[in-house]
Amino acid sequence: MSDSFREVTSISWFGRIKRAVGGVIFGLLLIVLMVIGLFWNEGRAVQTARSLAEGSGAVVSVEADSSDAANEGKLVHVSGPVTADSSLSDPDFGITAQGLRLSRGVEMYQWKEESKSETTKKLGGGEETETTYSYSKVWDDSQIDSSDFKKPDGHQNPPMAIHSRAFQIPQGKLGAFDLDTPVLDRIDGDKGLSLSASQSAAIKAAYTGTRPLSIVDGKIYLGSDNTTPSLGDYRIGYELAPLGVVSIVARQAGSRFEPYQTQAGDALLMVDTGSVPADKMFAEAVSANTLITWLLRVAGLLLLTIGFALFLSPIGVILDVIPFLGGMARMGTGIIAFFLAILVGATTIAIAWFWYRPVLAAAILAVGVVAAAAVYYLGRSRRAATPMAAPSTGIAT
């Protein structure tokens with residue numbers, strides 16, 4: 009079931025200029041923030057790389073069956089199976105399981121608003137926007153606030169009374185070592201937990217609500233008919249992180265694990281599922297650091313482009329008196345914004361390299377200068393070695 013309606017709004021040329029001036033201020037702020045962010049990212053990457061290199065050289069692999077006092081305060085690597093003294097349970101629905109973490113995922117059937125706008129430039133610089141708002145019922149894992157809808161009448165959502173929740177063991181064991189929340193939170197490997205019809209009686213006994221309850225496709229369904237859901241119906245599924253083998257790199261503190269503070273600046277606490285050697289854990293962390301660094305660089309350059317585009321936006325708005333000219337101007341300012349972002353971003357990263365890695369940056373610069381000089385002199389020598397063609401006399405023989 010869905011419905012929709014349209015709304016047409018317009019703004020004058022002067023109103024658009026005023027809005028563009030606000031965009032200039034926001035664009036300048038965005039440019040400053042991205043320059044700071046790109047500079048910070050290079051420092052973060054260097055600090056993390058140095059911390060990982062320091063940790064890789066200091067880590068000691070130990071057995072899990074005993075916590076040797078000689079390793080107190082050291083960075084240790086331990087692998088082994090996790091055990092727990094307690095089971096997991098969701099008291100709201102009487103679900104019990106053996107594992108590390110039981111996660112309840114809840115979806116409610118509710119109204120959702122979507123909008124699509126089409127903007128037309130008018131002669132004289134004005135702008136007309138036609139927005140179509142459409143409404144449909146969907147399954148969503150969070151409450152959609154229908155009071156913010158453009159047309160809330162007839163699309164009111166009931167309050168979401170049941171929410172997603174995670175139940176985790178308070179403490180685990182890894183041989184002679186105790187695992188507390190900071191370590192347990194880093195263990196992943198959650199898998200879907202399918203409920204069976206045989207559990208229906210226990211689930212209904214624990215459920216205190218009034219909606220009809222059934223087990224459908226391994227999940228709890230709260231509603232009269234799962235084939236034609238009604239507003240406010242629920243679908244509830246579970247995931248379980250099972251007990252298994254994990255590998256940990258951390259500071260040994262008695263029988264516990266704590267973050268290891270490196271001289272480079274980062275605190276190391278790494279957890280991986282399965283029996284993973286220390287060198288592989290560090291190699292994966294180095295790869296992750298490289299990936300994060302490049303993702304932040306790309307994001308920073310993209311936001312720089314947006315910032316410069318906002319800064320230059322009044323040009324297009326002013327020329328929108330004739331829409332064709334405004335469109336051409338925006339194309340040009342978009343290209344300029346892109347190249348300014350590349351220039352400013354690359355300069356910022358280069359300065360950050362000289363700030364955080366002066367020796368490496370100087371070496372790269374020296375190699376670049378030498379390479380450029382070699383190409384230049386090679387080109388000159390080739391031109392000098394090429395004999396000049398004799399001038400033609402124009403006399404036939």
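Going by the numbering used here, the sequence shown opens with residue 9, and the numbers climb by one from there. The C-beta atom is built at its ideal place from N, Cα and C for all residues, glycine as well.
- The Cβ atoms of K129 and E135 lie closer than 8 Å to each other.
- Counting along the chain, S208 sits inside the alpha helix (DSSP H) bounded by residues S208 to A214.
- Going by beta carbons, I256 and I228 fall outside the 8 Å limit.
- Beta-bridge annotation (DSSP): Y385 is not paired with any residue.
- In the structure shown, the three-state DSSP call for S123 is strand.
- Straight through space, the alpha carbons of G102 and S74 are spaced by roughly 37 Å.
- Boundaries for L230: no alpha helix (DSSP H) harbours it, while the beta strand (DSSP E) harbouring it runs K227 to L230, taken from the DSSP string.
- Restricting attention to D196, R52, D156 and Q176, the CA atom closest to the CA of S95 is found in Q176.
- Annotation for G134: no alpha helix (DSSP H) segment contains it, and DSSP assigns it neither H nor E.
- In the displayed model, M336 falls within a helix according to three-state DSSP.
- Secondary structure at G45: helix, using DSSP grouped into helix, strand and coil.
- According to the DSSP secondary-structure assignment, I223 is paired through a beta bridge with I228.
- Looking only at V90, L201 and R58, the smallest Cα-Cα distance to A105 is reached by L201.
- With at least 16 other beta carbons inside 10 angstroms of its own, Y143 counts as buried.
- Inter-residue distance for S155 and D100 is about 29 Å (C-alpha atoms, whole angstroms).
- In this structure, DSSP gives T281 an extended state, which the three-state scheme calls strand.
- Within the same chain, Cβ atoms closer than 6 Å to the Cβ of M116 are found at M168 and Y242, the five residues on either side in sequence being excluded.
- Its chain contains L203, S204, A205, Q207, S208, I211 and Y229 as the residues whose beta carbon lies nearer than 8 Å to that of I223, once the 5 sequence neighbours on both sides are disregarded; these appear in chain order.
- The stretch 243-306 is shown to contain whole beta strand (DSSP E) runs of 3 or more residues at 253-261, 264-266 and 278-281, in chain order.
- Of the candidates R52, A354, G113 and A286, the residue whose Cα lies closest to the Cα of V306 is A354.
- For R14, the closest of V86, E126 and D196 by C-alpha to C-alpha distance is E126.
- Under the three-state reduction of DSSP, G197 is assigned to coil, being neither helix nor strand.
- According to the DSSP secondary-structure assignment, I103 is paired through a beta bridge with D98.
- Bounds of the beta strand (DSSP E) holding V86 are L83 to T91.
- The C-beta distance from V294 to A92 rounds to 32 Å, too long to fall under 8 Å, and the pair is not in contact.
- By the neighbour-count criterion, in which a residue is buried when 16 or more other Cβ atoms sit within 10 angstroms of its Cβ, Q271 is exposed.
- Annotation for L203: no beta strand (DSSP E) segment contains it, and DSSP assigns it neither H nor E.
- Taking a contact as a CB-CB distance under 8 Å, the pair L108 and A249 counts as one, their CB atoms being some 4 Å apart.
- By the neighbour-count definition (other C-beta atoms within 10 Å, threshold 16), R24 is a buried residue.
- Looking from the CA of Y268, the closest CA among K158, G51, F34 and V68 belongs to V68.
- Between V254 and V146, the C-beta gap is not smaller than 8 Å, which leaves the two residues out of contact.
- Inter-segment contact for the stretch 176-193 and the stretch 75-90 is present: three or more beta-carbon pairs are separated by less than 8 Å.
- Linking I314 to G31 through their CA atoms gives a straight-line distance of about 10 Å.
- The C-beta of W363 has fewer than 16 other C-beta atoms within 10 Å across all chains shown, which makes the residue exposed.
- Counting the other CB atoms within 10 Å of its CB gives D280 a total of 16 or more, which places it among the buried residues.
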